[in-house]
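Mapping to my numbering: the sequence shown position 45 is 51, numbers consecutive. Backbone N, C-alpha and C fix where the C-beta goes; we use that ideal spot for every residue, glycine too. In this text the structure is predicted, and so the values were computed from the model without any measurement.
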Amino acid sequence: MSAKLFRTTAGLTLAVAALGLSAVPASAATDHTGPRITVKTVKTDVTLPAKGVHLIHFTERVVDHGGVAKVQFAVLNGTTLLTYPDGSPITVRMHRISGSSHDGIWEGQIALDRSMLPGSFTVSTVALDKAGNQSKVKTVGEFHARWQTSVAQFKVTPVSSGSLHKGDALTVSGRLNLASAAGWVGLPATSLDVLFLPKGKHTAVKVGTVTTDANANFSDASAFTYRGKGEWRVSYAGSANNAPDLSSGVTFN
């Protein structure tokens, strides 16, 4: 899937045209009623993976007394229609998985990867019956896509050598990466929460924050001290475009 977008001020109209659904043929003069689509809109948050794809499935019921010929959907970001690199719209034909052409359940899926731009998207669907009549446009899905992030090289180390006692200074360090359309890049000037889970407890407590520098690294040797046995982590809350992430744990026994 491409991040290239085709802009229009009539997104739904274009989506219908993009689906390739034609007007009523002359031979279908006795049937002027389009298929009836019944959907339960799927709303979901999606992380665009660093590798591979994330699949979203959609299903809908389509009823038509003359029989349904095909069902398709297109993906829009507001009034922006998602396209392939050659500029052709991204449309997916759905397949009937149960029932009949007169009353059946249809399924489709869309594969998302990190080449997409993050944002909020609507999946619009439309059906055509065997007489050439078109259904009303329906919304079958809404999803918000965010790029994957990853806390890397996370360490919690004593500032001084020797035996470790409560109150001794610790250095909390690591890096925050982002899997953008261009590949893995660092995420600078970003705040992360530092968490500590005491041994035997079930809930971690926030003990401070760290902020990545211009190179997306963080290191603080002044704000944190040894708190006894337990596990340290850092957590990135995410943003409108970036998914959250939780580091691996560093344990002191």
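Reference residue i, options the options, closest by Cα
i, options, result
"Asn83", "Ser106, Ser130, Val48 and Val74", "Ser130"
"Ser104", "Trp112, Val98 and Thr97", "Trp112"
"Ser253", "Arg120, Val52, Glu237 and Thr53", "Glu237"
"Thr39", "Gly72, Val143, Ile116 and Gly206", "Gly72"
"Leu134", "Val143, Ser126, Thr128 and Phe127", "Val143"
"Asn223", "Gln154, Ala188 and Lys161", "Lys161"
"Trp153", "Lys57, Asn248 and Asn259", "Asn248"
"Val6", "Leu123, Val240 and Gly125", "A query on residue 6 cannot be resolved here, the shown segment of the chain reaching from 7 to 259 and no further."
"Gly125", "Val256, Ser245, Thr257 and Pro250", "Ser245"
"Ala75", "Thr85, Leu61, Asn139 and Pro95", "Asn139"
"Val98", "Leu176, Asp219 and Gly114", "Gly114"
"Thr44", "Gly110, Ile96 and Val81", "Gly110"
"Phe127", "Ser107, Gly234 and Ala80", "Ala80"
"Gly180", "Phe64, Arg102 and Val256", "Val256"
Integer Cβ distance of residue i from residue j, believed to fall under 8 Å
i, j, result
"Thr215", "Leu198", "7 Å"
"Val59", "Val68", "The Cβ separation is near 26 Å, so there is no contact."
"Thr47", "Val146", "7 Å"
"Leu118", "Val52", "6 Å"
Within-8 Å CB hit, residue i to chain C
i, result
"Val143", "Going by chain labels, chain C is absent from the structure shown, which holds only one protein chain."
Residues sharing a beta bridge with residue i, DSSP
i, result
"Arg239", "Leu201"
"Arg67", "Thr44 and Ile111"
"Thr128", "Leu82 and Glu148"
"Lys207", "DSSP lists no partner for Lys207."
"Val59", "Its beta-bridge partners do not exist; DSSP assigns none."
"Val77", "Ala133"
"Val143", "In DSSP, Val143 forms no bridge with anything."
"Gly168", "Paired residues: none, contrary to the question."
"Gly192", "Asn183"
Residue i, DSSP secondary structure in three states
i, result
"Asn247", "coil"
"Asp135", "strand"
"Leu54", "strand"
"Ala49", "With the sequence shown as reference, residue 49 is identified as Lys, and Ala is not the correct amino acid for it. If DSSP states are grouped into helix, strand and coil, Lys49 belongs with the strands."
"Ala185", "strand"
"Val213", "strand"
"Asp219", "coil"
"Ser253", "coil"
"Lys161", "strand"
"Thr177", "strand"
"Pro95", "strand"
"Ala227", "strand"
"Thr89", "strand"
"Ala29", "Summary for Ala29: the model assigns pLDDT 44, below 50, so the residue's position carries little reliability; its value from the coordinates is reported in the next sentence. Coil at Ala29, not helix or strand."
"Ser156", "strand"
"Gly72", "coil"
Residue i - containing beta strand (DSSP E), residue span
i, result
"Gln115", "Asp109 to Leu118"
"Thr257", "Val256 to Phe258"
"Ile260", "Nothing about residue 260 can be reported from this structure: the residues present for the chain run from 7 to 259 only."
Any non-hydrogen atom of the ligand ATP closer than 7 Å to residue i Cβ
i, result
"Tyr232", "The ligand ATP is absent from the structure shown, which contains no ligands of any kind."
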